[in-house]
Amino acid sequence: PRITFIDFSGASHEVEARTGGTIMEAAIEAMVPGIEGDCGGNCICATCHVYVDPAWLGRLPDPEGDEEAMIEYTSEPEDNSRLTCQLTVTDELDGMVVRVPETQY
Ligand code: FES
Numbered sequence: 002p003r004i005t006f007i008d009f010s011g012a013s014h015e016v017e018a019r020t021g022g023t024i025m026e027a028a029i030e031a032m033v034p035g036i037e038g039d040c041g042g043n044c045i046c047a048t049c050h051v052y053v054d055p056a057w058l059g060r061l062p063d064p065e066g067d068e069e070a071m072i073e074y075t076s077e078p079e080d081n082s083r084l085t086c087q088l089t090v091t092d093e094l095d096g097m098v099v100r101v102p103e104t105q106y
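First residue of the sequence shown: 2, per the UniProt record's numbering; consecutive thereafter.
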């Protein structure tokens, strides 16, 4: 499935993500600017934060405890904030668009 990341400069990066992997891994492999993933996907750093396009938000499972808690530690949490290391890539997400925040810290 292909996921489009729109970085803070407005440039879009279309990335081929591996089904069963995480969206954070796909972004790191493709070196999408602005996705850090410092903790390696353990949901303790909040540097893999994105804003999910509202059209796609409903196709994702709701954030659970750890992710919900860590979203509060992102620099500017919004209703469509998600941590990409907690999002598993599925074929249904083909075409999803996410926006990368200005800063992860
Ligand atoms: Fe650290 Fe997602 S990579 S919280």
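All residues carry an ideal CB built from backbone N, CA and C; glycine is no exception. Owing to the predicted nature of the structure, the values given are computational and were not obtained by experimental measurement.
Collapsed DSSP secondary structure at residue i in the structure displayed
i       : result
Glu-65  : coil
Thr-5   : strand
Glu-103 : coil
Leu-84  : strand
Glu-17  : strand
Proximity winner among the options, relative to residue i (alpha-carbon distances)
i      : options                          : result
Pro-78 : Leu-61, Val-90 and Thr-48        : Thr-48
Gly-41 : Phe-6, Glu-15, Leu-58 and Gly-22 : Gly-22
Gly-38 : Trp-57, Arg-19, Cys-86 and Arg-3 : Cys-86
Cys-46 : Ala-18, Pro-2 and Ser-76         : Ser-76
Q | Any heavy atom of the ligand FES within less than 7 Å of residue CB: hits in chain order | A | Going by the Cβ distance cut-off, the answer is Met-25, Gly-38, Asp-39, Cys-40, Gly-41, Gly-42, Asn-43, Cys-44, Ile-45, Cys-46, Ala-47, Thr-48, Cys-49, Met-71, Leu-84, Thr-85, Cys-86 and Gln-87.
(Q) Can you confirm whether the region 44-59 touches the region 67-82 when touching is taken to mean that 3 or more C-beta pairs between the two stretches lie within less than 8 Å? (A) yes
Q.
With a threshold of 8 Å, are at least 3 pairs of Cβ atoms found where one atom belongs to the region 60-70 and the other to the region 29-40?
A. no
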